[in-house]
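Have a look at the structure below, then the notes.
Number of protein chains: 2
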Amino acid sequence: MNIDMIEAAADRIRGHARVTPLLTSPFLDEIAGRRVLIKVEALQKTGSFKYRGARAAISALDPATRAKGVIAVSSGNHAQGIALAAREHDIPAVIVMPHDAPALKIANTRAYGAEVVFYERGREDRDAVGARETAARGLTMIKPFNEPEVIAGQGSVGLEIAEQAAARSVTEADVLVCCGGGGLTSGVALSLEARAPGLRARPVEPENFDDVARSLATGEIQSNASESGSICDAIITPAPGQITFGIMSRLCGPGIVVPEEDCLRAMAAAFQRLKVVLEPGGAIALAAALFHPDQVSGDAVIAVASGGNVDAEMFTTALSRYGGA
Amino acid sequence: MNIDMIEAAADRIRGHARVTPLLTSPFLDEIAGRRVLIKVEALQKTGSFKYRGARAAISALDPATRAKGVIAVSSGNHAQGIALAAREHDIPAVIVMPHDAPALKIANTRAYGAEVVFYERGREDRDAVGARETAARGLTMIKPFNEPEVIAGQGSVGLEIAEQAAARSVTEADVLVCCGGGGLTSGVALSLEARAPGLRARPVEPENFDDVARSLATGEIQSNASESGSICDAIITPAPGQITFGIMSRLCGPGIVVPEEDCLRAMAAAFQRLKVVLEPGGAIALAAALFHPDQVSGDAVIAVASGGNVDAEMFTTALSRYGGA
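Residue numbers (the working numbering), protein chains in the order written: chain B, 57 to 381; chain X, 57 to 381.
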């Protein structure tokens, strides 16, 4: 993994992925006590940064392999990214989901043209189901984060941040990144190392799901005790990957861990001050920037708002609790 | 009023106003039955396009006049645009508001650095109060729409649409514009005439507040029976202005009138598919594009989403009614 791979991925997805805005608000600056710049990947196609890695990985396949189709094990943002990128390439996509996945996620994935294959949660192993389908149909599995071309695609977020921050004269700052398995965080970290060495990536996670923070602190990959029970579902993974952990441990500052309730507060702030919709996991870096300013240093902070795929009920909860702020 | 004034205004506000994105979603295309491109001015500074006209008008003043300060009669998006643009120029701004304006709007206007002067609704005439303050302090009144430099600033939206639509190979389409007094609509119409003659501006208004549609249909300026009682408060004005009506009657297609309930549906669709927050009046052009496709023709339609300054309660209402769509 190096900057050349990221530049190549960025070239391949150019004109397909959106260049998302780096937004600011004087009201958010006031809350944080410093300048806050928000990279709004919720405005990316499919509502999250995941489309970048999906498009980068699919476009990197040799044409004969690609034509057979791709497969992903996901019920979330990665699934939608793969489904759309596959449709754009006019190739089949199979998404393996638990049988009890939310109806909206199933419908969205199908609407992007993918075939959904279910496994029975608790009775079947999702990876085994994925491997079976992969072998039976000659598909290529696109892993959600521990996959070089996926990391390279997510790294394009970092290239844009480097450029957009420099245009605002921000060259020294922490870059807070919503972190699950570390694909986005490690891709951004590699881009910043090469293109904006004064910017430093830092993973942000919810309390009780702080595998990356603990992994960085101990120097060894640590796991979460649970994979469920968080409103930040988009960024809950068992543990960082070997590749992403290696990159993060070399380049990232310490992880930041915040109560998930703060994600709801950050969602309300983004609603009121930025006019953008964030999901809880996609708001956690902004939550750290706004409500945990003691965790970062410097005159400015950059927060990646990684996704906005939230249902009306959860969003309403955030507004009812914090929308009058 | 001509394209040169708009180009000059666009030059003056460049680097200050945001170039807002022209977003799309395959799901919205499906609802509308044609391609839908949404120009998201809710992502503009202050949450609406009004900042453009405010910045354009203030920057057009000669420096000695400007230094004395500006004044606006508004409790809405124009007030916030003027307040921010004045602060950026480091000049005083006075905003005349009714004494019972919502606390949040007062607080926002003050937070942008403006002085708020109240008038008693029903007992005092707001324009008389505005004139008194203007004279007493040597301020310059910036009218919200019937003002050439304001129209020129709003016209920069049309320049961006012309360029962004061409980049997506859309050169023939109706451009639906949320319409109050017609400043945005007429500015956009002038830009399209010069830079994208296959695109045609069309004003969109709520039922019972369709002064512009009736004015265009009859060829004479018509008024609304009421100035209150609509959830689309941002686009409710007594009647189009002489200048804006002249431009619209020469360049615009017929007005489109939709039930205001459709604005709530469009807000829910923008939440779910675009991840952007729209206010009712700012969603009405999208409502026409999505739910009244028979009113437009062609393979594609462009809708300006003009603002996102909505409170949590109204937004929650939209989601509770239509958020599961």
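For each residue, glycine too, the CB sits at the ideal point set by N, CA and C. As the structure is a prediction and not an experimental result, all values here were calculated from the model.
Item to check | N- and C-terminal bounds of the alpha helix (DSSP H) containing Cys319 (chain B) | outcome: Here the alpha helix (DSSP H) through Cys319 (chain B) covers 317-329.
Item to check | Pair within 8 Å by beta-carbon distance, Asp138 (chain B) and Ala128 (chain B) | outcome: Note on residue identity: the sequence assigns Ile, not Asp, to residue 138 (chain B). Yes, Cβ-Cβ distance for Ile138 (chain B) and Ala128 (chain B) is below 8 Å.
Next on the checklist: Between Ser362 (chain X) and chain B, is the shortest Cβ-Cβ distance under 8 Å, so that the two count as touching?
Outcome noted: No, because no Cβ of chain B sits closer than 8 Å to the Cβ of Ser362 (chain X).
Item to check | Range covered by the beta strand (DSSP E) that runs through Tyr378 (chain B) | outcome: Tyr378 (chain B): not part of any beta strand (DSSP E); member of the alpha helix (DSSP H) spanning 368-378, first to last residue.
Item to check | Interface positions of the stretch 91-117 of chain X facing chain B (Cβ-Cβ less than 7 Å), listed along the chain | outcome: Within the stretch 91-117 of chain X, the residues whose Cβ lies closer than 7 Å to any Cβ of chain B are, in chain order, Ala98, Leu99, Gly103.
Checklist entry - If we ignore side chains and look at the alpha-carbon of each, how far apart do Ile312 (chain B) and Val150 (chain X) end up? => result Looking at the two C-alpha atoms, the distance is approximately 43 Å.
Checklist entry - What is the DSSP secondary structure of Val268 (chain B), reduced to helix, strand or coil? => result Val268 (chain B): helix per DSSP, three-state reduction.
Checklist entry - Thinking C-alpha only, which one of B:Pro349, B:His348, B:Glu317, B:Glu63 is nearest Phe371 (chain B)? => result The option with the nearest alpha carbon to Phe371 (chain B) is B:Glu317.
Item to check | Segment limits, alpha helix (DSSP H) that includes Gly61 (chain B) | outcome: The sequence shown places Met at residue 61 (chain B), not Gly. 59-69 is the extent of the alpha helix (DSSP H) around Met61 (chain B).
Item to check | Ile303 (chain B): first and last residue of the uninterrupted alpha helix (DSSP H) it sits in | outcome: DSSP places Ile303 (chain B) inside the alpha helix (DSSP H), whose first and last residues are 298-307.
Checklist entry - What are the boundary residues of the alpha helix (DSSP H) that Lys106 (chain B) is part of? => result 106-116 is the span of the alpha helix (DSSP H), which, as asked, contains Lys106 (chain B).
Next on the checklist: Going by the DSSP bridge assignment, what does Thr196 (chain X) pair with across the sheet?
Outcome noted: DSSP lists X:Val126 as partners of Thr196 (chain X).
Checklist entry - Residue range of the alpha helix (DSSP H) that Asp85 (chain B) falls in? => result It spans 82-88 - the alpha helix (DSSP H) in which Asp85 (chain B) sits, taken as one unbroken run.
Checklist entry - Excluding sequence positions up to five away, which residues of its chain have a Cβ less than 6 Å from the Cβ of Thr102 (chain X)? => result Beyond the five residues adjoining it in sequence on each side, Thr102 (chain X) comes within less than 6 Å, by CB distance, of Gln136, Gly137, Leu140 in the same chain, given in chain order.
Checklist entry - What do you get for Ala192 (chain B), buried or exposed, if any count of 16 or more other CB atoms within 10 angstroms of its CB means buried? => result Flag for Ala192 (chain B) reads exposed.
Next on the checklist: Taking beta-carbon pairs under 9 Å, can you tell me which members of the stretch 292-314 of chain X lie near chain B?
Outcome noted: For the stretch 292-314 of chain X, which is checked against every Cβ of chain B, not one residue is closer than 9 Å.
Item to check | Close Cβ partners of Ala252 (chain X) (< 6 Å) along its chain, the five nearest in sequence each way excluded | outcome: For Ala252 (chain X), where only same-chain residues beyond five positions count, the Cβ hits under 6 Å are Ala218.
Checklist entry - Distance, Cα to Cα, Arg369 (chain B) vs Glu249 (chain B)? => result Checking the sequence shown, residue 369 (chain B) turns out to be Glu, not Arg. If I take the Cα positions, the gap works out to 39 Å.
Item to check | Contacting residues, own chain, Cβ-Cβ under 7 Å from Leu272 (chain X) (five flanking each side not counted) | outcome: Result list for Leu272 (chain X): Met304, Ser305, Cys308, Pro310, Gly311, in chain order.
Next on the checklist: Please report the distance separating the alpha-carbon of Gly89 (chain B) from that of Ala281 (chain B).
Outcome noted: About 35 Å.
Checklist entry - Run through DSSP, which three-state label would Asp183 (chain B) get? => result Of the three classes helix, strand and coil, the one that applies to Asp183 (chain B) here is helix, per DSSP.
Item to check | Reduced DSSP secondary structure (H/G/I, E/B, other) of Glu205 (chain B) | outcome: Of the three classes helix, strand and coil, the one that applies to Glu205 (chain B) here is helix, per DSSP.
Next on the checklist: Can you tell me whether Gln382 (chain B) is buried or exposed? The criterion is at least 16 other CB atoms within 10 Å of its CB, across all chains shown.
Outcome noted: Residue coverage of chain B in this structure runs from 57 to 381, which leaves residue 382 (chain B) outside it and unanswerable.
Next on the checklist: If I measure Cβ to Cβ from Thr121 (chain X) and keep anything under 8 Å in the same chain, skipping five residues before and after, which residues do I get?
Outcome noted: Non-local beta-carbon contacts of Thr121 (chain X) in its own chain, meaning distances under 8 Å to residues more than five positions away in sequence, involve Thr196 in chain order.
Checklist entry - For Ala295 (chain B) versus Ser279 (chain B), is the C-beta spacing smaller than 8 Å? => result Yes, these two residues count as a Cβ contact at 8 Å.
Next on the checklist: In the DSSP output, what is Phe174 (chain B) paired with across the bridge?
Outcome noted: Phe174 (chain B) pairs with B:Met153.
Next on the checklist: Give me the residue from X:Cys288, X:Leu215, X:Thr293 with the minimum Cα distance to Cys319 (chain X).
Outcome noted: Minimum Cα distance to Cys319 (chain X) is reached at X:Cys288.
Next on the checklist: Using DSSP's beta-bridge definition, name the partner residues of Gly364 (chain X).
Outcome noted: The beta-bridge partner set that DSSP reports for Gly364 (chain X) is empty.
Checklist entry - So, is Ala374 (chain X) buried or exposed, given that buried needs 16 or more other C-beta atoms within 10 angstroms? => result With 16 or more other Cβ atoms within 10 Å, it is buried.
Item to check | Contact set between the stretch 152-170 of chain X and chain B, restricted to residues whose Cβ is under 9 Å from the partner | outcome: Residues of the stretch 152-170 of chain X that bring their beta carbon within less than 9 Å of a beta carbon in chain B comprise Leu160, Asn164, Ala167, Tyr168, in sequence order.
Checklist entry - Cα-Cα, which of B:Leu117, B:Gly254, B:Gly209 is closest to Glu228 (chain B)? => result If we check each option's Cα against that of Glu228 (chain B), B:Gly254 comes out closest.
Item to check | Inter-stretch contact at 8 Å, needing at least 3 Cβ pairs: the stretch 63-72 of chain X / the stretch 263-270 of chain B | outcome: Too few Cβ pairs lie closer than 8 Å, so no.
Checklist entry - Exposed or buried, which one is Asp183 (chain X) when buried takes at least 16 other CB atoms within 10 Å? => result Burial state of Asp183 (chain X) is exposed, judged by a 10 Å Cβ sphere holding fewer than 16 other Cβ atoms.
Checklist entry - What does Phe371 (chain B) touch in chain X if you count any residue whose Cβ is under 9 Å from its own? => result Within chain X, the residues near Phe371 (chain B) are Phe327, Phe371, Thr372, Leu375, Gly379.
Checklist entry - If you count every other CB in all the chains shown that lies within 10 Å of the CB of Ala257 (chain X), and 16 or more means buried, which is it? => result Buried, since its Cβ has 16 or more Cβ neighbours within 10 Å.
Checklist entry - Quick one: is Ala141 (chain B) near chain X, going by C-beta distance under 8 Å? => result Look at Ala141 (chain B): its C-beta is not under 8 Å from any C-beta on chain X.
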